[in-house]
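**Student:** Its first residue numbered 1, the sequence shown is counted upward by one per residue in our numbering. The beta-carbon is built from N, C-alpha and C at its ideal position, and this holds for glycine as well. Pasting in a structure now, in structure tokens, and then I'll have a few things to ask.
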Amino acid sequence: MTELYEKSLRKLELDNVLAQLADCANSEDGKDRCRALLPLDDAEEIRLLQQQTTAACGMIVRKGAPGFHELKPVAASLERADRGGCLTPVELLRIAGVLRCIRNVKAYYSEDGEPTVLDVYFQELSPNRYLEEKITNSILSEEEIADAASSELADIRRHMRIQSAKVKDSLQKIISSPSFSKYLRDPIITLRGDRYVVPVKSEYKSEIPGLVHDVSSTGSTFFIEPMSAVNANNALRELLIREKKEIERILAALSAEAASFREGICHSYEMLVQLDCIFARARLSHKMDGMEPEIRTNASLELVRARHPLIDRKKVVPVSLRLGSDFDTLIITGPNTGGKTVTLKTIGLLTLMAECGLHIPADHGSAISVFRQVLADIGDEQSIEQSLSTFSAHMKNIVDIVADCDRDTLVLFDELGAGTDPAEGAALANALIEFCRQCGSRVAATTHYAELKLYAMRTEGVMNASCEFDVETLRPTYRLLIGIPGKSNAFAISRRLGLPEPIIDKAKSLVNENDRNFEDVLNQLEQQRQQMEAAKLEAERLRQETEQMKEKSEAYYAEIKREREKAVRAARAEAQSIIDDARRTSNEVADELKQLRKQLRENADVQGSNAKQTELRRRLNEAEDRLAGHDDAPKSRPQAARAIRVGDTVELVRFGTRASVLAINKDGSYLLQAGIMKVTAQPDEVYLIEETKQQAKKIIERSQRAFRSAGASTELDLRGMSADEAIATLDIFLDNAMMANLASVRIIHGKGTGVLRKAVQDELKRNRCVKRYRLGVYGEGEDGVTIAELA
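In structure tokens form, the structure reads like this:
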């Protein structure tokens, strides 16, 4: 990477974006790698990085991000252990933390079965639960080794506790003795140099024979180890030395074991650092509301509602632009503080971010092309030390840019040609842009020169763009408009800032007439464009309203259609039900006729009954065929399944009134009882009412009586029933049991597949009458019964 390219990266503030990326990483090595990211110029590698970022974003959305907080550098420690060195508890705990991180991240991956481009990193992880637990079980903290680290250490510490108790007992006798109490500063036992001592007043130091280990800062207290405790303290000291040697042996053994797994740990650590960087890119993408751009290689880019990532999201105004498709050079004009430089930086910075594998803050449909380098001349680099003016500083950068640009270069010029004579600056800017175009570079430049606006209008492959300015409020809107040159609006801005009107009028009179006419044309074009924009927005609003009305109409029509089909299906089902009832009645009649055939001997009667049966079946089949073929035909009453008999209920068709048949007259008419009136009706004036519902009601009443009778006892047998039948029966049984004040009941459901048992126990769980329930034990029916205790 050239010095000029590095300088351009700083001007475009890629380092600030990478600093934000580093903040999203967990480990120190991950943060360092994020800060060291550089743009790539290989399209396939960039696409892979983008896919990795997208995959990590998806995993974060589904189940959160894995943790890398315990990822600490361990390579140096493992290398020292591999050479035979003994690691400290801190280093070993750091290795255990890395192993724990490896295990957790591996488990995080194994929970997800969807293949991604990140699988290769997760699959390379090698957890080592054995070494991790051995270290954590042996080392409790940075300063404490566990007794369980070895049996020898546990034995030593057991003896140390015993010996310590002996020393304290001997010293306790001294400090508790009335004869010695006046010699002591305080009746306590303390430690000096791992030896137990007592504090003695300086004037009585000779009264207690022993070894002096320390003196207070004032000299008033001597810490003396009485002679009676010397041997015990010596024994304790020996145990302390043995403990230290055993701890050193344990640490050496753990270090050697860690060294034996050095290669696997280092490789897994490297995978974790890379995953930390990838998930940091995903976190930054969520933070910026980024997306994966299309990666092109044809030197064309397209940004849809792109936002500069370093500007507050609440304040930044999105810009949409393209470059390299139908034109290779973009000339951006407009007023100062209108957003020209921000637009230029957005183009360059988003290109660099994409080449680093970062998602860009833009809408879907955005595309970035791969450039070997992005060269930018942005900002004022006036230098007093080098005696460079603003123009000279710009020109020095430009000289380096034109010397290095080619067809794989994106060139960004800010205020090209500024800082010198306007005529010469405009001519120089024109020549520079044309030179870069001939080299094959893609160029975006900002300017105030009218000559460059005309150059863009007259030159194929060069496009004007402007940062919109609201002439009503005299404020920039920061919107970028492709294809329209912008006005500098110097006079309008000066007027808004309070410049006296006579000065502005004088300035206008000094402007060249051609320039004045050109600015007027631009002003008219801008007004027309804003009017067309408003008309377009209104047309779009009307189109959306029309679409909404169309959607509502289609939904309403669909709902009507569904209701109509539902009504047709209901009518068909009702008619089919009537036919099925009639067919059942016909079958019953046929069964009766068969019984009569056995009893009758005269062939004529049998043949007559068969004829009647055949005629009845023919009529039923015709009715069913009419139903199937004419769903929309007007409905009529189905043919009665049998002749009207005394006691039947019929309907007077003309009046819609029901009546009972009292008698059948000789002429075929019927004597009916309708309320308190008796009437006579002809056969075509009445219609037989089938009492199927009453029959069903009687069946249900019989079943309920059976259920109630079943619930009178303490036992209910549900075997052979379906789940629904069993639940209905069980509810009535429990109600009757509660009314009878039974304490418990026995429900027999059998073993079988367990479906009935589960349905019964689910119902018992919901029922308020049941205090608790259990399966039967040996002698009660075991799993085939459930015993329920009632509340």
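Kindly give me the distance between the Cβ atoms of residue 742 and residue 790, rounded to whole angstroms, as I take these residues to be in contact under 8 Å.
**Tutor:** Confirmed, Cβ separation roughly 6 Å.
**Student:** Tell me which same chain residues have a C-beta within less than 8 Å of the C-beta of residue 191, skipping the five on either side of it?
**Tutor:** Within the same chain, residue 191 has close Cβ partners 197.
**Student:** Taking the alpha-carbon positions, what's the residue 734 to residue 779 distance?
**Tutor:** In a straight line, the C-alpha of residue 734 is about 23 Å away from that of residue 779.
**Student:** Measure how close the beta-carbons of residue 368 and residue 295 come, nearest whole angstrom, since I'm counting them as under 8 Å.
**Tutor:** Sure, about 6 Å apart at Cβ, within 8 Å.
**Student:** When the Cβ atoms of the stretch 90–101 are set against those of the stretch 58–78, are three or more pairs found closer than 8 Å?
**Tutor:** Yes, they touch.
**Student:** Would you check if there are 3 or more beta carbon pairs closer than 8 Å linking the stretch 273–285 to the stretch 325–342?
**Tutor:** With the cut-off at 8 Å, the stretch 273–285 and the stretch 325–342 do not touch.
**Student:** Spatial neighbours of residue 69 within its chain, please: CB distance less than 7 Å, with the 5 preceding and 5 following residues excluded, ordered by chain position.
**Tutor:** Within the same chain, residue 69 has close Cβ partners 26.
**Student:** Taking all protein chains shown into account, decide if residue 12 is buried (16 or more other Cβ within 10 angstroms of its Cβ) or exposed.
**Tutor:** Residue 12 comes out buried.
**Student:** Going by DSSP in three states, residue 291 sits in which element: helix, strand or coil?
**Tutor:** Three-state result, residue 291: strand.
**Student:** Which complete beta strand (DSSP E) runs does the stretch 203–275 hold, if anything under 3 residues is left out?
**Tutor:** 210–215 and 221–226, all fully within the stretch 203–275.
**Student:** Which whole runs of the beta strand (DSSP E) in the stretch 310–380 are 3 residues long or more, in chain order?
**Tutor:** Entirely contained in the stretch 310–380, the beta strand (DSSP E) runs reaching 3 residues are, in chain order, 319–323, 329–333, 367–369 and 373–377.
**Student:** Taking buried to mean at least 16 other C-beta atoms within 10 Å of its own C-beta, is residue 231 buried or exposed?
**Tutor:** Label assigned to residue 231: exposed.
**Student:** Closest to residue 23 by CA distance: which of 211, 287 and 208 is it?
**Tutor:** Looking at the Cα atoms, 287 is the closest of the given residues.
**Student:** Flag this pair as yes or no: are the beta carbons of residue 340 and residue 409 separated by less than 8 Å?
**Tutor:** No. Outside cutoff.
**Student:** Can you tell me which of 688, 661 and 667 puts its alpha carbon nearest to the alpha carbon of residue 678?
**Tutor:** Cα-wise, what sits closest to residue 678 is 661.
**Student:** Between which two residues does the alpha helix (DSSP H) carrying residue 6 extend?
**Tutor:** From DSSP, the alpha helix (DSSP H) with residue 6 extends over 3–11.
**Student:** Pick helix, strand or coil for residue 634, following the three-state DSSP scheme.
**Tutor:** With a pLDDT of 43 at residue 634, under the threshold of 50, the predicted position of this residue should be treated as unreliable, though the coordinate-derived value follows. DSSP places residue 634 in coil when its eight states are reduced to three.
**Student:** Within 10 angstroms of the Cβ of residue 463, are there 16 or more other Cβ atoms? Answer buried if so, exposed if not.
**Tutor:** With 16 or more other Cβ atoms within 10 Å, it is buried.
**Student:** Using a Cβ-Cβ cutoff of less than 7 Å, which residues in the same chain neighbour residue 494 once the five nearest sequence positions on both sides are dropped?
**Tutor:** Correct list, in chain order: 504.
**Student:** For residue 414, which of 433, 363 and 216 has the nearest alpha-carbon?
**Tutor:** Closest option to residue 414, Cα to Cα, is 433.
**Student:** Put residue 682 into one of helix, strand or coil per three-state DSSP.
**Tutor:** Residue 682: coil per DSSP, three-state reduction.
**Student:** If we require 4 or more residues per run, which alpha helix (DSSP H) segments fall completely within the stretch 86–136?
**Tutor:** Counting only runs of 4 or more, we get 89–110 and 119–123.
**Student:** Bridge partners of residue 773, per DSSP?
**Tutor:** For residue 773, which the question treats as bridged, DSSP gives the partners 788.
**Student:** In the structure shown, what three-state DSSP assignment does residue 651 receive?
**Tutor:** Residue 651: strand per DSSP, three-state reduction.
**Student:** Check whether the Cβ atoms of residue 784 and residue 748 lie closer than 8 Å to each other.
**Tutor:** Contact flag set, yes.
**Student:** Can you give me the start and stop residues for the beta strand (DSSP E) that residue 658 sits inside?
**Tutor:** Per DSSP, residue 658 belongs to the beta strand (DSSP E) from 657–664.
**Student:** Nearest to residue 667 by alpha carbon, out of 680, 6 and 657?
**Tutor:** Among 680, 6 and 657, the Cα nearest to that of residue 667 is on 680.
**Student:** Cutting at 8 Å between CB atoms, please list the residues of its own chain near residue 708, excluding the five before and the five after it.
**Tutor:** Summary for residue 708: the model assigns pLDDT 48, below 50, so the residue's position carries little reliability, and this model does not support an answer.
**Student:** Cutting at 7 Å between CB atoms, please list the residues of its own chain near residue 43, excluding the five before and the five after it.
**Tutor:** 295, 297 and 370.
**Student:** Verify the CB distance criterion: does residue 678 have a CB-CB separation below 8 Å to chain B?
**Tutor:** Going by chain labels, chain B is absent from the structure shown, which holds only one protein chain.
**Student:** Would you say residue 167 and residue 229 are within 8 Å of each other, going by their C-beta atoms?
**Tutor:** Contact flag set, yes.
**Student:** Between residue 56 and residue 118, what straight-line distance do the alpha-carbon atoms span, to the nearest angstrom?
**Tutor:** Residue 56 and residue 118: Cα-Cα distance of roughly 8 Å.
**Student:** Could you tell me how far apart the beta carbons of residue 760 and residue 726 are, in whole angstroms, since I believe they sit closer than 8 Å?
**Tutor:** With a Cβ gap of about 7 Å, residue 760 and residue 726 count as contacting.
**Student:** Which word fits residue 455, buried or exposed, when buried means at least 16 other C-beta atoms lie within 10 angstroms of its C-beta?
**Tutor:** Under this definition residue 455 is a buried residue.
**Student:** Just how far apart, CA to CA, sit residue 318 and residue 281?
**Tutor:** One C-alpha to the other measures close to 22 Å.
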